[in-house]
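Beneath this line is the structure, given in C-alpha cells, with notes to follow.
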Amino acid sequence: MSNINSYIKTKDYLVTKEEFNLVYDAENDMLITKPQPSELSKYYDPENYISHNDQGSTLIEKVYQKVKTYTLNKKVKLINRYSNLDKTILDIGCGTGEFLIYAKNKNWDTYGIEINNGARKKAEEKKIRTTEKLEDISNKKFNVITLWHVLEHLPNLEKQIKKIESLLTKNGTLIIAVPNYKSYDALYYKEHWAAYDTPRHLWHFSQKSISNIFQKNHFTVVETLPMHFDSYYVSLLSEKYKNGKTNYIKAIYRGWLSNMRAKSTGEYSSLIYILQKQ
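Straight run, no breaks: the sequence shown in my numbering ends on number 531.
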C-alpha cells in the first residue's frame, strides 16, 4: 500500500490498555491499525467481548441485547430482498448464531464461520452448522454471504476478500456492515471513539474504501444503508472511554446528533453495504 501516513493514536480500552497507531492509506482512503498483533486471541476476553455473549449484565449490555433482537429481524428482511430460489447463506463471524437462527426460521439453508471456540460451541448447541475457518468450506457455494461487523477484524484482508468472492454464486450478494470513521461521532470522540476498538479492528473503512477495495475484487456496491442504533451504542462506550464513566444524556445526544448530521452527509456511525458479484 502506498501513501500511508499517521492519523491518530488510540488504545485498547477493553482488555490490555495498550496503545496503537492508526495510519492513513491514501490509496484506499482507509485507516490501518499498527502494529497488528500476530496473536489476536488474547484481545478477545469473552467476559468483556459483548458479541460473543447472549446475556447482558450491565445496562449497556442489556440495551445491546434488546436492540440486537430488533436488528436481527431487520437483517433477515434485508437478506430476503436479495434471495432467489437458492436460499443459501454463509455468515462469517457468526458469533453465537442468533442471526442464523432467525434466517433458518425463514427457510434459509445456513452455515456459519466463527473463530472463537466458546461462541462457536454455543452456535452448534443451537443446531447451526459452523466451522472455524473459511478454508474449511472451499467446496461450497452460497447465494448470500454476510459479515456483520466482521470485515474489520479479518487479518490478510485482500486474501480473505478473494476467498469470499470464490464462495459466492454467480451474481451472488455480499452484505457487509462496518463502522465509518468519517461519521460525526468518530470525528467528535477522536481517539476515544469506541468503534476504533484496537487492535481487534485491524482496518477502518470509509465509503470510498469499500467501493475501491471490492471493485478490485469483482464487486459493485449496489446499495448503502444506515445503522441508526450504532451511533448511540458507540457513543455510550466512547463517553466511558473519554471520561472514565458513562454519561447517558451526553451519549444519547451525541448519538442523535450524529444521525441528524448524517441525514445530509450520508456519513452514519456504521453502514451496511450491499455488493453484487460481477
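Cβ coordinates follow ideal geometry from the N, Cα and C atoms, glycine included.
Predicted model only: the values in this text are computed from it and were never measured.
Paired residues, beta bridge with residue i - DSSP
i	result
ILE285	VAL276 and TRP456
ASP344	GLY365 and THR399
ILE354	According to DSSP, ILE354 bridges with nothing at all.
THR263	PHE273
ILE527	ILE428 and GLU476
ASN409	According to DSSP, ASN409 bridges with nothing at all.
ASN258	TYR277
Residue i versus residue j: straight-line alpha-carbon distance, rounded
i	j	result
ILE502	GLU314	17 Å
ALA356	TRP509	30 Å
ILE381	LYS359	14 Å
TYR487	ASN424	For clarity, residue 487 is Val in the given sequence; the question names Tyr instead. Answer to the nearest angstrom: the Cα atoms are 34 Å apart.
VAL316	ILE525	21 Å
PRO288	SER294	15 Å
ARG507	THR286	25 Å
SER484	HIS406	19 Å
TRP401	ASN333	16 Å
LEU267	LYS498	14 Å
Buried/exposed call for residue i, threshold 16 Cβ in 10 Å
i	result
ALA372	buried
LYS374	exposed
SER291	exposed
ALA279	exposed
MET513	exposed
PHE273	buried
PRO479	buried
GLU492	buried
THR426	buried
Proximity of residue i and residue j at Cβ, strictly below 8 Å
i	j	result
CYS347	ILE366	yes
LYS379	GLY350	yes
VAL475	GLN529	yes
LYS393	LEU420	yes
TYR296	LEU275	no
SER436	TYR521	yes
ILE428	ILE527	yes
LEU455	VAL431	no
THR269	THR451	no
ILE342	THR324	no
ASN470	ILE390	no
TYR494	ALA447	yes
ASN465	ASN337	no
LYS340	ASN409	no
Residue-level contact to chain B via CB, residue i, 8 Å cutoff
i	result
TYR296	Of the protein chains in this structure there is only one, and it is not chain B.
Terminal residues of the beta strand (DSSP E) in which residue i lies
i	result
GLU476	472-479
ASN424	421-432
LEU404	Neither: LEU404 is in no beta strand (DSSP E) and is coded neither H nor E.
LEU387	Here LEU387 belongs to no beta strand (DSSP E), and DSSP marks it neither H nor E.
Extent of the continuous alpha helix (DSSP H) to which residue i belongs
i	result
VAL487	483-496
SER511	501-518
ILE377	A quick correction: the sequence has Glu, not Ile, at residue 377. From DSSP, the alpha helix (DSSP H) with GLU377 extends over 370-378.
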